[in-house]
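I have placed the structure first, in the form of structure tokens, so that the comments after it can refer back to it.
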Amino acid sequence: MPTRTPEEIQAYRQARKRAFPRRNPSSADDEPPAKVPCTDTADAAAATALQSIAMNYADESEPEEGAVVPEDATVPIEAVTATGDVDAAGEATDIQEDVVEEVRSDIPQEEPPSVCPPSITAKPSYSCKYYLYGTCRNGRHCTRRHDPDARASVLTRQAEQPRRIGQLRVPRPATSLLRTLLEPEIRQQHNAILECFKFLVESNFFQDSA
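Every letter in the sequence shown is one number past the one before it in the UniProt record's numbering, and letter 108, counting from 1, is 108.
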């Protein structure tokens, strides 16, 4: 493509200034940065800031004398910024990242929910005495605390205590699986022996006959 004349370059610059008006640099420093409303999200605010930076950067970048000028004066912003050199593109990227971080820092962050208060229907700290001895029928609906460790200690202590038959203290034998299975038969044999003794006493079996 042949090189444009200085008059055409000047006309192209004037057309660009009309299409992309430049912000007043004197009043830009005094004006505070516009705050992003709380209702906007971080992505929408970042997109608005990036669009503003791209417009300002496009206005500041001017073609040098003797550069190739496109025929259409209204060039899109993306095409104008793409014709810049590598250093300018890197600088623009850094500025965009800084503005994005600044905009996101201005947006209020949602606080995490606080820890829920303890439930009013929490079970009390004292244990269920029926559960400790294995006779509680309420199960998980019981209003008392069911502690397996406390129940095991109570049952162990109860098993170690001797049984009382009247005034006599009979020690508890060591339980086993075999004894548990044979316990009904052992009780039946004990009852049969007691019946035999009862018969001997009532019939005076050992009394001498005259």
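Glycine is no exception: its CB is placed at the ideal position from the N, C-alpha and C atoms.
Quantities reported herein were computed from a predicted structural model and do not represent experimental measurements.
Between which two residues does the alpha helix (DSSP H) containing residue i stretch?
i, result
"residue 216", "Since the first residue of the chain shown is 1 and the last is 210, residue 216 is not available in this structure."
"Arg187", "177 to 202"
Helix, strand or coil: which one does DSSP assign to residue i?
i, result
"Arg163", "strand"
"Val80", "Below a pLDDT of 50, predicted positions are generally treated as unreliable, and Val80, at 44, falls in that range; no measurement from the model is reported."
"Arg157", "helix"
"Gln207", "coil"
"Arg22", "coil"
"Ser119", "Because Ser119 carries a pLDDT of 49, less than 50, the predicted location of this residue cannot be relied on, and the following value inherits that uncertainty. In this structure, Ser119 counts as coil in the three-state DSSP scheme."
Since residue i sits in a beta bridge, which residues does DSSP pair it with?
i, result
"Leu168", "Ile165"
Spell out a yes or no on whether the region 147 to 165 and the region 123 to 135 are touching, meaning 3 or more CB-CB pairs, one atom from each, closer than 8 Å.
-> yes
Residue ranges of each alpha helix (DSSP H) within the UniProt domain "C3H1-type" (122 to 149), 4 or longer = 129 to 132
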